[in-house]
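Here is the structure we will look at.
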Amino acid sequence: MKVESIGKTLLISGIPELNAANAGQFRDQARAAILPEHSRVDLDLSITRFVDSSGLGALIALNKLMNTRQGHVRILNPMPAVQQILELTRMHRVFEIAKN
0 MKVESIGKTL LISGIPELNA ANAGQFRDQA RAAILPEHSR VDLDLSITRF VDSSGLGALI
60 ALNKLMNTRQ GHVRILNPMP AVQQILELTR MHRVFEIAKN
């Protein structure tokens with residue numbers, strides 16, 4: 000996982016899978032990287048092949064944290080399988096999804 004601070008945005012990328020095996024670690028690392036000045040977290044899921052319910056839970060927890068700070072989470076370039084999971088679970092209504 001790669002974390003980069005760009006002004007008021009925290010960019011997280013390099014996540015091959017987000018599942019029960021790594022969701023807790025992802026959530027903890029992301030929370031630790033969020034600084035008071037960050038108003039947005041961008042998750043680049045362009046190489047993420049798979050997200051399970053634990054991974055979705057980690058995304059929701061991150062979104063709740065950002066909402067308490069009047070910020071938000073944006074998902075960038077999800078692979079088709081991940082986009083499908085987001086749509087099936089209606090998470091595409093919760094998260095802003097941006098494709099380049």
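Numbers 0 to 99, taken from numbering that gives the first Met the number 0, label the letters of the sequence shown in order.
Glycine is no exception: its CB is placed at the ideal position from the N, C-alpha and C atoms.
- In the structure shown, Glu95 adopts extended strand secondary structure according to DSSP, grouped into three states.
- Residue environment analysis places Leu87 among the exposed positions, since fewer than 16 neighbouring C-beta atoms fall within 10 angstroms of its C-beta.
- With a cutoff of 8 Å on beta-carbon distance, Asn66 and Leu44 are scored as not near each other.
- By the Cβ-count criterion, Ile46 is exposed, with fewer than 16 other Cβ atoms from all chains shown falling within 10 Å of its own Cβ.
- When DSSP assignments are scanned along the region 17-76, the uninterrupted stretches of beta strand (DSSP E) that are 3 or more residues long and fall wholly within it turn out to be 39-43, 71-75.
- With distances taken between CA atoms, Leu42 lies nearest to Ile14 out of Ala80, Pro79, Ile14, His91.
- Within a 10 Å sphere around the beta-carbon of Ala97 sit fewer than 16 other beta-carbons, which makes this residue exposed.
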